[in-house]
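Position one of the sequence shown corresponds to residue 146 (my numbering), numbered consecutively onward. Notes follow the structure.
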Amino acid sequence: APAAYGLRDQMLRTMRYAYRHDEVLLKRVAQIAEGTGHADMIQDLNDIAILGRAHPEPLQVVGVGAEQLQQAATTADAMAELLAQVNGERAGGNSARVIRDQAYMHLKEAVDEIRACGQFVFWDNESRQEGYHSRYRRSQRRTTPSPEPITEETPA
Numbered sequence: 146a147p148a149a150y151g152l153r154d155q156m157l158r159t160m161r162y163a164y165r166h167d168e169v170l171l172k173r174v175a176q177i178a179e180g181t182g183h184a185d186m187i188q189d190l191n192d193i194a195i196l197g198r199a200h201p202e203p204l205q206v207v208g209v210g211a212e213q214l215q216q217a218a219t220t221a222d223a224m225a226e227l228l229a230q231v232n233g234e235r236a237g238g239n240s241a242r243v244i245r246d247q248a249y250m251h252l253k254e255a256v257d258e259i260r261a262c263g264q265f266v267f268w269d270n271e272s273r274q275e276g277y278h279s280r281y282r283r284s285q286r287r288t289t290p291s292p293e294p295i296t297e298e299t300p301a
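Structure follows, in structure tokens:
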């Protein structure tokens, strides 16, 4: 990614110089330069390649050829694939985490079912029923403030 950012910065600097006499192209370069982040950098490289291919003459004068524009496009594609992989792994591609989460949900469902059954069966035996209540939930209810009662004012 640092090399891609460097390529983008170098190409933007070159384009600002090459297009310095054309206000429309300079504004377009400024629009490309706006934004931050990996996705923006990828889009910037793609836009640089498109703009450079559409207006190659000023770039050729300063020594930028089709191969540098192709490098920007290729880098954008490679970085887009890499970003998609990273985002996919974060979103749920990690199979160990998926299995862990599923195991937790099955365990929680079983514990909740046992707790509900115990509360039903031992409804009249407080000493036995105590084992079927969650101390954690009880402590959370105590620390959570109760909502203020809503009182309606009646017109006089």
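We treat Cβ as the ideally placed atom computed from N, Cα and C, and that holds for glycine. Please read these numbers as outputs of a predicted model, since none were measured by experiment.
Query                                                                                                         : Result
Selection from Gly-197, Asn-232, Phe-265 that minimises the alpha carbon distance to Leu-157                  : Gly-197
Residue from Val-207, Met-160, Ala-217 with nearest C-alpha to Tyr-150                                        : Ala-217
Spatially closest choice to Met-160 from Asp-257, Ala-248, Thr-219, Val-174, by CA coordinates                : Val-174
Val-231, buried or exposed, once every other Cβ within 10 Å from all chains shown has been counted against 16 : exposed
Leu-152 vs Thr-219 beta-carbon contact at 7 Å                                                                 : no
Range covered by the alpha helix (DSSP H) that runs through Phe-265                                           : 240 to 266
CB contact flag (Gln-264, Tyr-277, <7 Å)                                                                      : yes
Residue nearest to Ile-259 in terms of C-alpha spacing, selected from Ser-279, Lys-172, Gln-188, Arg-165      : Ser-279
Three-state secondary structure (DSSP) of Ser-279                                                             : coil
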